[in-house]
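J.: This structure is in structure tokens; I'll ask about it shortly.
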Amino acid sequence: MNKSSKCLLILVLFLTFLPSEVEAQESTRQVCGNAVVSKALPEIKVVVNKDFKYVGSFDFKIRDVAAGERFVFVDADGKKVIRMFLLQFEGFLPHIDDFYRYSFKNALEFGKHKFRQNNYAYSNSEARRQNPKGEGVLTEDFLKAKGYEVEDELMMSRFITVPPENKKHELILYYLENVSSSGSKLSEFYENDSATETWKEIGRALKERSFGAFSIGEASDRNKEK
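Numbers 2 to 227, taken from my numbering, label the letters of the sequence shown in order.
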């Protein structure tokens with residue numbers, strides 16, 4: 002079987018809390034080449050640009066509140082990471098009586114899916130100091146365990162969608178580049194927690210580039226790859 006067409010089946014358990022029992026609803030996700038297909042929560046197909054290589058996935062937990070799985074793609078020069086594309090399937094734990102409350106007014110639309118988009122930049126070392134078990138830190142550790150070099154300062158274009166049929170779940174797409182590629186430093190991006198004009202300008206270009214990193218389809222469409 003050709004490696005690029007090999008499909009990896011991933012079994013995921015979504016747990017729904019009931020007063021007297023925990024009901025497990027089985028679903029599957031597939032990684033097929035550079036496409037990630039989710040059959041539920043949300044039902045979607047995300048095709049990642051072929052400049053990126055799929056390197057694996059890992060589970061994570063956000064305190065005792067939420068949990069999920071992160072799929073990791075990298076564009077690297079040898080083992081030095083130049084760009085990343087991440088898919089994060091996340092949901093509240095069964096005992097948490099809450100849901101994701103994002104407004105999708107003026108959201109971007111990819112087919113039938115609505116996404117909120119925003120930019121963010123951060124330091125891995127600072128994130129590790131504040132939360133050693135955060136998703137960004139876990140991603141850095143995951144990649145380093147596979148021999149990759151990850152720069153400290155990263156900037157991202159982030160896309161969030163919530164399946165309307167179950168708002169206890171969300172999917173977040175992250176397109177990341179090294180801050181160094183912009184010719185600037187993270188210290189130039191924020192002033193008193195507000196975006197500087199430098200970051201606004203760099204962020205606009207980052208957002209435009211992020212659209213070229215992926216495409217969105219339906220889980221039933223198994224033919225289209227970018």
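Cβ coordinates follow ideal geometry from the N, Cα and C atoms, glycine included.
Gln131 and Ser158 - do their beta-carbons sit closer together than 8 angstroms?
T.: Looking up residue 158 in the sequence shown gives position 157. Looking up residue 131 in the sequence shown gives position 130. No, they are not a contact pair.
J.: For Ala41, which three-state DSSP category applies?
T.: Indexing the sequence shown from 1 puts residue 41 at position 40. Here Ala41 sits in coil by DSSP.
J.: Is Val180 near Leu155, with beta carbons less than 8 angstroms apart?
T.: Position 179 of the sequence shown holds residue 180. Position 154 of the sequence shown holds residue 155. Yes, the Cβ-Cβ distance between Val180 and Leu155 is below 8 angstroms.
J.: Take Gly112 and list the residues in its own chain whose beta-carbon comes closer than 8 angstroms to its own, dropping the five residues that flank it on each side.
T.: The residue given as residue 112 occupies position 111 in the sequence shown. Ile217, Gly218, Glu219.
J.: Give me, in chain order, the residues of the same chain whose beta-carbon lies closer than 6 angstroms to that of Glu44; leave out the 5 immediate sequence neighbours on both sides.
T.: Indexing the sequence shown from 1 puts residue 44 at position 43. Only Ala220 meet the Cβ criterion.
J.: Would you check if the distance between the CB atom of Phe190 and the CB atom of Val49 is smaller than 8 angstroms?
T.: Taking the sequence shown and counting its residues from 1, one reaches residue 190 at position 189. Taking the sequence shown and counting its residues from 1, one reaches residue 49 at position 48. No.
J.: Quick one: is Thr140 buried, meaning 16 or more other Cβ sit within 10 Å of its Cβ, or exposed?
T.: Walking along the sequence shown from the start, residue 140 turns up at place 139. So Thr140 ends up on the buried side.
J.: Is the segment 146-155 touching the segment 73-80 in the sense that three or more CB pairs, one from each, lie closer than 8 angstroms?
T.: Between the segment 73-80 and the segment 146-155 there are three or more inter-stretch CB-CB distances shorter than 8 angstroms, so the stretches are counted as touching.
J.: Go ahead and pull the three-state DSSP assignment for Ala220.
T.: Locating residue 220 in the sequence shown gives position 219, where the first residue counts as 1. Ala220: coil per DSSP, three-state reduction.
J.: Beta-carbon within less than 8 angstroms of Leu109's beta-carbon, same chain only, minus the 5 sequence neighbours each way: which residues are those?
T.: For the purposes of this step, residue 109 is taken as residue 108 along the sequence shown, with counting starting at 1. Contacts found: Lys115, Phe116, Arg117, Gln118, Phe160.
J.: What first and last residue would you give for the alpha helix (DSSP H) that runs through Val1?
T.: Not covered by the structure: residue 1. The range shown for the chain is 2 to 227.
J.: Ignore the nearest five residues each way along the sequence and tell me which others in Phe93's own chain have a CB closer than 6 angstroms to its CB.
T.: Here residue 93 is taken as the residue at index 92 of the sequence shown, counted from 1. Here the set comprises Ala67, Asp99, Lys169.
J.: Could you tell me which of Leu187, Leu88, Leu207 sits nearest to Glu127, measuring between CA atoms?
T.: Position 126 of the sequence shown, counting from 1, holds the residue named residue 127. The residue from Leu187, Leu88, Leu207 with its alpha-carbon nearest to that of Glu127 is Leu187.
J.: Could you check whether Val73 and Ser58 sit closer than 8 angstroms to each other, using their CB atoms as the reference points?
T.: Counting from one through the sequence shown, the residue named residue 58 turns up at place 57. Counting from one through the sequence shown, the residue named residue 73 turns up at place 72. Taking a C-beta distance under 8 angstroms as the contact criterion, Ser58 and Val73 qualify as a contact pair.
J.: Which residues in the same chain as Asn167 place their Cβ atom closer than 7 angstroms to its Cβ, once the five residues preceding and following it in sequence are excluded?
T.: On the sequence shown, position 166 is the one that residue 167 refers to. Only Leu42 meet the Cβ criterion.
J.: Can you tell me the Cβ-Cβ gap for Thr199 and Ser185, rounded? I've got them flagged as a contact below 8 angstroms.
T.: Against the sequence shown, residue 199 aligns to sequence position 198. Against the sequence shown, residue 185 aligns to sequence position 184. Approximately 6 angstroms separates the beta-carbon atoms of Thr199 and Ser185; this is inside 8 angstroms, confirming the contact.
J.: For Arg159, list the residues DSSP reports as bridge partners.
T.: By 1-based counting over the sequence shown, the position of residue 159 is 158. For Arg159, which the question treats as bridged, DSSP gives the partners Asn119, Tyr175.
J.: Does the separation of the CB atoms of Glu178 and Leu207 fall below 8 angstroms?
T.: As a working mapping, residue 178 is identified with position 177 in the sequence shown. As a working mapping, residue 207 is identified with position 206 in the sequence shown. Yes, these two residues count as a Cβ contact at 8 angstroms.
J.: Taking DSSP as the reference, what is the three-state secondary structure of Glu150?
T.: Taking the first residue of the sequence shown as position 1, residue 150 is located at position 149. Strand.
J.: Please report the straight-line C-alpha distance between Thr29 and Ala122, rounded to a whole angstrom.
T.: Along the sequence shown, one-based indexing puts residue 29 at 28. Along the sequence shown, one-based indexing puts residue 122 at 121. So the alpha carbons of these two residues sit roughly 32 angstroms apart.
J.: Out of Ala36, Lys134, Arg84, point me to the one whose CA is closest to Asp65's CA.
T.: The count along the sequence shown starts at 1 and reaches residue 65 at position 64. The option with the nearest alpha carbon to Asp65 is Lys134.
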